[in-house]
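Colleague: Questions regarding the structure given below will be posed in turn.
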Amino acid sequence: MDNKPLRQVQFVFLLCHIPNSGHWLLLVCDIEMQKWIAYDSLYDPRHREVVKE
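The numbering of the sequence shown is this note's numbering, which starts it at 28 and goes up by one.
Written out as structure tokens, the structure is:
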């Protein structure tokens, strides 16, 4: 793993565990596009309402 400053990386990955549910989210920040992308381990259309652009 590199210890680069955030301004020198393209993506930041954040893995989030939802306690007592077996549910995980992977949040990816695209630095260049200034956008977060969410990947949900338990796909449900209702989850799209929680994570909007």
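Yeah, the Cβ is synthetic: ideal placement off N, Cα and C, and Gly gets one too. In this text, all values refer to a predicted model and were calculated from it rather than measured experimentally.
1. Run through the DSSP bridge pairs and tell me what I64 is partnered with.
2. Counting along the chain, where does the beta strand (DSSP E) carrying V41 start and finish?
3. In whole angstroms, what is the alpha-carbon distance linking D29 and L69?
Modeller: Quick look at the numbers:
1. V55
2. A quick correction: the sequence has Leu, not Val, at residue 41. 38 to 45 is the span of the beta strand (DSSP E), which, as asked, contains L41.
3. 31 Å
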